[in-house]
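What follows is a single structure, written as structure tokens, with notes after it.
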Amino acid sequence: MYNALESSDEVSRLFPEGHELYSLGRPTFNTIRRALAGPWISCIWNDAKQDPTRAGFRRSYDDVYGPGSINVMPAIASWLSTGPGSGAEGNRIALPAGIDRSVVQYAIDRGLLGEHEYVFSIADLRKRVRTSGRMLYSIDDLGSAFDEYTVISSDVSEWLNSKDDLATISAYAPNEIIKNMYDVSRQDYRHVLGDGRRVYLKTNNTEAAGEGVFICNSEDEFEEHMDDIKARQEQFKLNESLVIQPELTGENRNFQVFLDPKRPDCIQVIALTDQHVEDDGKTYKSSVNYPITPETVALVGPVIVDMVKRIRERAPDAFGFLMCDFFQDGDKITIYDPGIRPTGNTATAMVLHFTAMLTGHDLYVQNFHIDTRTPGYQFGEFCTRMGSLVELDYIAREHRGVLPWGWNHVTGFGSLVGVAPDKAAWQAMVDYIRTAYTKTHNIRTA
Numbered sequence: 111m112y113n114a115l116e117s118s119d120e121v122s123r124l125f126p127e128g129h130e131l132y133s134l135g136r137p138t139f140n141t142i143r144r145a146l147a148g149p150w151i152s153c154i155w156n157d158a159k160q161d162p163t164r165a166g167f168r169r170s171y172d173d174v175y176g177p178g179s180i181n182v183m184p185a186i187a188s189w190l191s192t193g194p195g196s197g198a199e200g201n202r203i204a205l206p207a208g209i210d211r212s213v214v215q216y217a218i219d220r221g222l223l224g225e226h227e228y229v230f231s232i233a234d235l236r237k238r239v240r241t242s243g244r245m246l247y248s249i250d251d252l253g254s255a256f257d258e259y260t261v262i263s264s265d266v267s268e269w270l271n272s273k274d275d276l277a278t279i280s281a282y283a284p285n286e287i288i289k290n291m292y293d294v295s296r297q298d299y300r301h302v303l304g305d306g307r308r309v310y311l312k313t314n315n316t317e318a319a320g321e322g323v324f325i326c327n328s329e330d331e332f333e334e335h336m337d338d339i340k341a342r343q344e345q346f347k348l349n350e351s352l353v354i355q356p357e358l359t360g361e362n363r364n365f366q367v368f369l370d371p372k373r374p375d376c377i378q379v380i381a382l383t384d385q386h387v388e389d390d391g392k393t394y395k396s397s398v399n400y401p402i403t404p405e406t407v408a409l410v411g412p413v414i415v416d417m418v419k420r421i422r423e424r425a426p427d428a429f430g431f432l433m434c435d436f437f438q439d440g441d442k443i444t445i446y447d448p449g450i451r452p453t454g455n456t457a458t459a460m461v462l463h464f465t466a467m468l469t470g471h472d473l474y475v476q477n478f479h480i481d482t483r484t485p486g487y488q489f490g491e492f493c494t495r496m497g498s499l500v501e502l503d504y505i506a507r508e509h510r511g512v513l514p515w516g517w518n519h520v521t522g523f524g525s526l527v528g529v530a531p532d533k534a535a536w537q538a539m540v541d542y543i544r545t546a547y548t549k550t551h552n553i554r555t556a
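The working numbering applies: residue 111 is where the sequence shown begins, and numbers increase by one.
Okay, here's the thing in structure tokens:
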């Protein structure tokens with residue numbers, strides 16, 4: 111139904127020829143998926159459950175968020191499929207065997223998901239990729255020994271997913287101190303504190319989900335964090351590099367673009383967002399995705415062009431989703447966390463492009479959570495409860511509805527993407543869903 115290889119879509123330029131931002135383009139749902147044709151696609155983290163030697167920096171989502179969480183984010187790979195009927199030239203989606211199969215069936219039934227396989231572990235995935243004749247595009251590095259089979263090498267992944275080399279990645283990097291953690295003192299804290307804002311300490315082992323970020327509200331808290339950081343380094347033999355960064359001000363935002371070495375003349379701008387984080391100040395919560403237009407891209411465009419130029423000079427074969435978190439304070443932009451991988455917002459961004467294809471309009475798109483507090487409750491049951499809200503023809507006609515990001519059927523917790531004509535309509539729809547669940551199950555929703 112949505113075979114990207116049969117689509118005639120093209121990336122549309124956002125700026126006229128000769129403009130400094132001419133390389134930036136607006137993609138479509140199918141141009142993004144078509145660029146991913148060929149390899150295996152995996153959004154499965156190579157975490158401590160997969161490889162215990164990574165316990166010091168890549169904790170399992172099951173340990174962070176509870177049982178079953180490890181199988182939620184991998185579902186976003188379904189949004190990256192080239193679609194049914196794309197054959198050998200299409201890609202192959204790797205999904206964990208423990209995933210909520212009703213999420214997968216939803217994608218199949220709506221013509222979104224093509225060739226896919228269930229894998230039991232990263233070791234199982236490695237084995238299947240080796241014998242398949244395909245390369246692997248993975249959300250996570252799988253070690254240098256597997257580099258001959260991966261689209262993104264481990265050294266490029268480490269460079270772009272760590273936090274201690276930002277000055278080589280962007281001219282818009284923050285002023286910060288980067289030192290061996292055993293040489294750090296209170297004087298460094300006082301120097302960075304500057305005008306009195308908080309100080310952030312960041313370790314550099316390609317952590318995910320806010321791991322490796324420590325917020326200091328006082329000098330004593332700085333000392334406490336330093337003791338914990340050094341103890342963890344000694345226990346797990348981690349990278350001794352430490353970033354000491356002043357708290358950045360402004361709006362917390364993010365961009366995602368797609369790098370394709372086959373198209374060095376064009377950078378597909380996948381997403382521009384406002385980011386919402388949890389009360390801890392670091393853990394990702396949700397994103398509001400804005401339409402990709404010359405007006406929304408203009409200010410951050412030079413940041414994107416500069417970053418892509420630097421990456422291509424050092425790694426001309428760099429491929430896939432390039433993301434970067436940044437703070438926008440008026441006209442000033444300061445980047446703080448780049449990465450070359452799909453992210454928590456990638457599926458939400460794909461929904462933005464998908465619904466634009468369905469409706470011919472840019473809708474308000476934001477993800478949200480619902481906690482049914484009903485163990486064993488599957489996404490398929492949620493769909494039955496929601497009725498037309500999850501159906502594509504309804505979304506196409508009414509310009510509102512709900513699409514899957516991922517679902518934890520072990521605890522009955524859902525990660526969803528809502529679409530509506532505007533923010534008020536989106537909020538009303540989400541309130542309706544949460545109220546319906548509260549009344550039906552007499553439970554609290556998240």
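The C-beta atom is built at its ideal place from N, Cα and C for all residues, glycine as well.
Can you check whether the CB of residue j is closer than 8 Å to the CB of residue i?
i, j, result
"A187", "S212", "no"
"D435", "D416", "no"
"L252", "T260", "yes"
"L358", "T444", "yes"
"D265", "V353", "no"
"R144", "L115", "yes"
"N477", "W517", "no"
"G486", "G524", "no"
"F256", "F464", "no"
"I288", "V302", "no"
"V475", "V540", "no"
"D441", "L462", "no"
"Y310", "Q355", "yes"
"T192", "L146", "yes"
"S280", "R483", "no"
Measuring straight from C-alpha to C-alpha, what distance separates residue i and residue j?
i, j, result
"R422", "A428", "7 Å"
"Q345", "S351", "15 Å"
"Y542", "D219", "26 Å"
"D370", "L246", "15 Å"
"E321", "R168", "8 Å"
"A535", "K340", "48 Å"
"R451", "M433", "7 Å"
"Q215", "K347", "43 Å"
"R554", "D532", "Low per-residue confidence applies at R554: pLDDT is 39, beneath 50, and the placement is therefore not dependable enough to give any value."
"Y547", "H335", "41 Å"
"S133", "I142", "16 Å"
"G572", "H509", "With the chain covering only 111 through 556, there is no way to say anything about residue 572."
"Y292", "E405", "46 Å"
"P284", "T383", "20 Å"
"E329", "Y299", "7 Å"
"S179", "G224", "24 Å"
"E130", "P412", "8 Å"
"A556", "P426", "Unreliable positioning characterises A556 in this predicted model, as indicated by a pLDDT of 38, which lies under 50. The coordinate reading is nonetheless provided below. If you take the alpha carbons of A556 and P426, they lie about 43 Å apart."
"T494", "G221", "19 Å"
"G490", "V500", "10 Å"
"V512", "P177", "24 Å"
"S248", "I232", "11 Å"
Using DSSP's beta-bridge definition, name the partner residues of residue i.
i, result
"N477", "V527"
"L513", "V527"
"C434", "F365 and P448"
"L352", "K289 and T313"
"C326", "V309"
"T260", "L246"
So residue i packs on residue j, CB below 8 Å; how close in whole Å?
i, j, result
"W155", "A204", "Not quite, the Cβ-Cβ distance comes to about 12 Å (not below 8 Å), so this is no contact."
"V367", "I380", "6 Å"
"N315", "N349", "5 Å"
"V407", "I377", "The pair is not a contact, with the Cβ atoms about 10 Å apart (cut-off 8 Å)."
"G449", "L270", "6 Å"
"M467", "W189", "Contact flag wrong, Cβ pair sits at about 13 Å."
"R561", "R296", "Examination of residue 561 is not possible in this model, given that the chain is present from 111 through 556 alone."
Can you check whether the C-beta of residue i is within less than 8 Å of a C-beta belonging to chain B?
i, result
"D157", "Structure shown: chain B not included; a single protein chain is present."
Subject >> Ordered list of beta strand (DSSP E) runs contained in the stretch 168-246, each at least 3 residues >> reply: 202-206 and 226-229
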